[in-house]
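Before any comments, here is the structure.
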Amino acid sequence: MRLSVENISLTLGDKKSARRILNDVSFVAEDGAFTSLLGESGAGKSTLLKVIAGILLQDAGTVRFDGASVDGLAPHKRRLGFVFQDVRLFPHMNVEDNVAYPLKMAGASRREREARATELLERVQLDGFGSRAVQTLSGGQAQRVALARAIVARPSALLLDEPFSGLDESLREDMRSLLLRLQREERLTTVMVTHDAQEALMMSDSIVALDGGRVAQTGEPQRLYQTPATAKIAACFGDCSQLKGMVEGKVFRVAKLRIPAPDLADGPAVAVVRQEGCRVAPDIAGGRGYEPAGEAVVRCGVYAGNTYLARLDAEGQTLTVPVERPLEPGAIASVRIAPESRFVFPA
Amino acid sequence: MVVHSLKARRMGRAAAPYLLLAPAAVLVGVFLFGVANGVAQGFGIMPFLGMYEPTLGYWVQVLTRPDLAASVQFSLYIAFVSSAIALVGGVLLSAALCAVRQTRMLSLVNVQIPLMCAHILVVLFMVSLFAGSGLVTRLLFHLGLVSSPSGFPSIVGDPSGWGILATYVWKEVPFVAFCTVTLMSHVSDRYGEAAATMGASPVRVFFTVTLPLCRGALVKAFLVVFAFAFGAYEVPFLLGPTLPKALPVLAYLEFQNPDILNRCVAMALNGIMAVVTSAAAAAYFAVLRKEGRRK
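Read top to bottom, the protein sequences are chains A and B.
Counting the first sequence from 1 gives a position; our numbering is that position plus 85.
Counting the second sequence from 1 gives a position; our numbering is that position plus 129.
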């Protein structure tokens with residue numbers, strides 16, 4: 086199913102504390118594609134998911150399934166699967182009854198419900214768990230049950246609200262693989278809310294980046310990673326430093342650091358420098374792909390496991406650079422930055 | 130020096146729970162003394178009258194009274210019917226408050242004001258509405274729905290006890306709603322939302338998710354109302370029929386008898402009430418334990 090969201094706006098709260106949560110949001114999730122809604126806390130991601138599910142009513146705009154508006158449909162008539170961040174397994178039902186619940190609501194026979202629930206539990210690697218009370222499940226197992234429950238009735242689309250945020254990193258990786266496998270097997274149009282940019286990069290066919298209730302950028306993961314539209318998007322992919330400075334003559338300047346900004350007019354600006362593309366001169370004196378970016382004073386160095394990190398001072402701000410050996414505080418470091426790891430935006 | 134202060138801190142921490150419990154322990158102690166005194170009086174022990182020998186005589190006298198069975202039956206009927214109606218009404222009121230997101234004014238009118246009113250005030254209010262000269266009866270008479278103001282079943286003394294039931298329902302529906310609305314609202318927001326995304330209509334959400342998850346709170350509210358309606362005397366005393374008298378009314382009349390020895394009879398009657406309300410309390414704690422295990 087092709088899911089499109091067109092010009093959705095929504096204000097929540099009473100008259101005194103009304104707050105615009107979504108502002109003219111539009112995007113399309115193609116049939117069978119995996120789309121991530123990426124943004125920091127308060128960006129409006131979960132609210133948008135609830136609007137798509139019909140739980141919240143938008144003030145303006147339309148949600149369409151395969152081109153047809155579903156604005157007049159109550160949540161229970163939209164044929165969607167939903168996985169909540171806090172799982173929400175029904176505590177008065179066992180695992181099998183939880184998984185079979187959507188089928189029961191759809192009027193399926195008991196035999197059909199049992200067979201399909203058993204099949205789904207096997208597919209999420211929980212065979213034999215049907216009679217267990219949900220209170221006895223671990224976090225990962227509960228999230229698997231929630232996933233099975235969301236797809237058991239063959240929904241037209243699957244919506245996931247930060248489904249892995251409560252899990253350990255190792256469990257998250259397993260769950261991501263499981264979700265992607267099920268999504269591809271079922272060819273399910275999937276929209277997942279996440280604040281984890283790496284997760285969005287790894288799992289998505291397309292990403293919708295939200296900021297302050299607006300769409301900041303949409304596109305394939307490579308596009309958002311390589312040509313981010315805003316400083317926030319640039320900064321969300323991995324470890325990076327953000328520096329405030331001025332653009333003068335197509336060059337961003339802060340302290341003695343210099344970063345090319347060919348498309349920007351003179352004025353205040355923000356530079357985002359990804360750690361992976363930033364080095365100091367002694368480490369890669371003539372390294373290919375790294376361009377000189379001026380000098381900075383070493384404030385301190387920290388041990389970070391597989392490397393050391395040098396904190397360089399730039400007018401009170403910090404540029405963090407991976408280094409091969411700890412640098413002396415007060416030393417002057419020549420900074421080099423790979424062009425694909427530096428971004429400058431108007432402030 | 131350090132060891133001493135550490136020991137003092139340890140002792141302080143160990144003693145803290147007992148010190149905090151002390152006020153409650155005093156209250157419980159007074160209550161238990163009253164109960165023990167009442168039980169003893171039921172067995173004819175009244176030291177202030179020089180009666181020290183226990184006897185089953187007063188219990189035998191009470192249990193062989195010709196009006197006892199009818200009184201117990203009437204009290205059970207009042208307690209059961211009023212708590213059942215209060216339960217259904219409370220669930221509906223609670224569901225309605227959840228559906229409209231219980232605005233402050235609605236909550237005030239529907240729950241808080243009825244809860245604050247004393248039973249005796251509600252009795253006066255019911256009488257002013259439904260007695261022979263009451264507002265409702267006169268209105269029905271003017272509408273031609275009853276042949277005379279006295280044609281309406283009397284709120285005072287009617288054998289069906291409908292006046293007592295109406296008073297309890299008016300008071301206890303908000304009580305049940307008060308006991309359940311927070312839980313129901315939480316369940317409805319959290320699990321109801323989930324069920325709706327799985328194809329459950331609002332009615333099916335209510336019956337398959339909300340109601341089962343609120344069952345414990347509802348059973349507890351029912352038991353509280355039942356025990357109260359069974360043991361309270363003022364409403365049946367004011368609105369109840371001459372015969373059969375509700376058990377608490379019977380006990381009250383015996384207690385008020387000029388012959389002080391009748392106090393032993395009253396306490397034996399109270400003993401019967403204590404058995405029934407203790408059963409309700411036991412059921413209440415069984416529900417609590419079950420809920421605790423589930424968590």
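Ideal placement from N, C-alpha and C gives every residue a C-beta, glycine not left out.
Residue from the options whose Cα sits closest to the Cα of residue i
i, options, result
"A346 (chain B)", "B:V334, B:I284, B:M313, B:A199", "B:M313"
"D116 (chain A)", "A:D290, A:G124, A:K135", "A:D290"
"S283 (chain B)", "B:F259, B:P146, B:G273", "B:F259"
"A381 (chain A)", "A:A350, A:D351, A:P414, A:A218", "A:P414"
"L252 (chain A)", "A:E270, A:Q228, A:S262, A:L265", "A:Q228"
"V298 (chain B)", "B:C393, B:A325, B:V220", "B:V220"
"R344 (chain B)", "B:S276, B:I174, B:T309", "B:T309"
"Q210 (chain A)", "A:D259, A:S255, A:R149", "A:D259"
"G166 (chain A)", "B:A325, B:V302, B:M180, B:F366", "B:A325"
"Y181 (chain B)", "B:W188, B:F172, B:M255", "B:F172"
"H161 (chain A)", "A:T120, A:K189, A:R208", "A:K189"
"Q402 (chain A)", "A:S326, A:D281, A:Y388", "A:S326"
"G215 (chain A)", "A:A202, A:R208, A:G225, A:S223", "A:A202"
"G139 (chain A)", "A:G297, A:L123, A:L95", "A:L95"
"P431 (chain A)", "A:V332, A:G98, A:L134", "A:V332"
"M178 (chain A)", "B:P341, B:S223, B:F209", "B:P341"
"V348 (chain B)", "B:K419, B:L274, B:V191, B:G186", "B:K419"
"A233 (chain A)", "A:Q220, A:R105, A:S250, A:E271", "A:E271"
"L438 (chain B)", "B:A395, B:T296, B:Y413", "Because chain B in this structure spans residues 130 to 424, residue 438 (chain B) falls outside the shown range and cannot be described."
"L309 (chain A)", "A:R364, A:A218, A:R299, A:A282", "A:A282"
"R266 (chain A)", "A:R208, A:A193, A:S426", "A:R208"
Short Cβ contact (8 Å threshold) for residue i with residue j
i, j, result
"F337 (chain A)", "V429 (chain A)", "yes"
"E366 (chain A)", "L397 (chain A)", "First, the amino acid is wrong: residue 366 (chain A) is Ala here, not Glu. In this structure, L397 (chain A) does not lie closer than 8 Å to A366 (chain A) by Cβ."
"S262 (chain B)", "P278 (chain B)", "yes"
"L368 (chain B)", "V265 (chain B)", "no"
"A319 (chain A)", "K335 (chain A)", "no"
"L295 (chain A)", "A128 (chain A)", "yes"
"P373 (chain B)", "G360 (chain B)", "no"
"A301 (chain A)", "I292 (chain A)", "no"
"L149 (chain B)", "S211 (chain B)", "no"
"L205 (chain A)", "V237 (chain A)", "yes"
"A185 (chain A)", "R173 (chain A)", "no"
"T229 (chain B)", "F304 (chain B)", "Per the sequence shown, residue 229 (chain B) should be read as Val rather than Thr. Not a contact, by the Cβ cut-off of 8 Å."
"V90 (chain A)", "S111 (chain A)", "yes"
"E361 (chain A)", "R421 (chain A)", "no"
"A409 (chain B)", "A356 (chain B)", "yes"
"M288 (chain A)", "F119 (chain A)", "yes"
"P370 (chain B)", "D287 (chain B)", "yes"
"L412 (chain A)", "G386 (chain A)", "yes"
"A354 (chain A)", "G330 (chain A)", "yes"
Residue burial classification, residue i (beta-carbon count within 10 angstroms, cutoff 16)
i, result
"A182 (chain A)", "Contrary to the premise, residue 182 (chain A) reads as Asp rather than Ala in this sequence. D182 (chain A) comes out buried."
"M140 (chain B)", "exposed"
"L243 (chain A)", "buried"
"K101 (chain A)", "exposed"
"F177 (chain B)", "exposed"
"Q143 (chain A)", "buried"
"F160 (chain B)", "exposed"
"L398 (chain B)", "buried"
"I93 (chain A)", "buried"
"M234 (chain B)", "exposed"
"Q268 (chain A)", "buried"
"L237 (chain B)", "exposed"
"Q170 (chain B)", "buried"
"I344 (chain A)", "buried"
"Y388 (chain A)", "exposed"
"I401 (chain B)", "buried"
"R138 (chain B)", "exposed"
Beta-carbon neighbours of residue i, restricted to chain C and to distances below 9 Å
i, result
"F150 (chain A)", "Here chain C cannot be found, since the structure's protein chains are A and B."
Give the residues from the segment 303-323 of chain B that approach chain A closer than 7 Å (Cβ to any Cβ), ordered along the chain.
Per Cβ criterion, the list reads R319, Y320, E322, A323.
Contacting positions in the segment 106-140 of chain A - beta carbon closer than 7 Å to chain B
From the segment 106-140 of chain A, only A138, I140 have a Cβ closer than 7 Å to chain B.
Residues from the segment 186-211 of chain A in contact with chain B, defined by Cβ distance under 7 Å
For chain B, the residues of the segment 186-211 of chain A that bring a beta carbon within less than 7 Å of one of its beta carbons are Y186, P187, M190, A191, in chain order.
Which residues, in order along the segment 322-346 of chain B, keep a beta-carbon less than 9 Å from a beta-carbon of chain A?
Answer in chain order: E322, A323, A324, A325, T326, M327, G328, A329, S330, P331, R333, V334, T337, V338, P341, L342, R344.
Can you list, in chain order, the residues of the segment 237-265 of chain A whose Cβ is nearer than 7 Å to any Cβ on chain B?
Residues passing the 7 Å Cβ filter: A238.
Uninterrupted beta strand (DSSP E) stretches inside the segment 306-365 of chain A (no shorter than 3 residues)
Within the segment 306-365 of chain A, the complete beta strand (DSSP E) runs of at least 3 residues are 325-333, 336-339, 342-345, 352-359, 363-365.
Short of 7 Å Cβ to Cβ, which residues in the segment 381-407 of chain A face chain B?
Per Cβ criterion, the list is empty.
3-residue-minimum beta strand (DSSP E) runs that sit fully inside the segment 266-291 of chain A, ordered along the chain
Listed in chain order, the complete beta strand (DSSP E) runs (minimum 3 residues) inside the segment 266-291 of chain A are 274-279.
Chain B contacts from the segment 272-299 of chain A (Cβ-Cβ distance under 9 Å):
For the segment 272-299 of chain A, the beta-carbon criterion of a distance under 9 Å to any beta-carbon of chain B is satisfied by none of its residues.
Ignoring anything shorter than 3 residues, give me the beta strand (DSSP E) runs that lie fully in the segment 164-223 of chain B, in order along the chain.
Runs of the beta strand (DSSP E) spanning 3 or more residues and lying entirely within the segment 164-223 of chain B do not occur at all.
Run through the segment 131-203 of chain A for me and flag every whole alpha helix (DSSP H) of 4 or more residues, listed as ranges in chain order.
List check, alpha helix (DSSP H) in window: 180-190.
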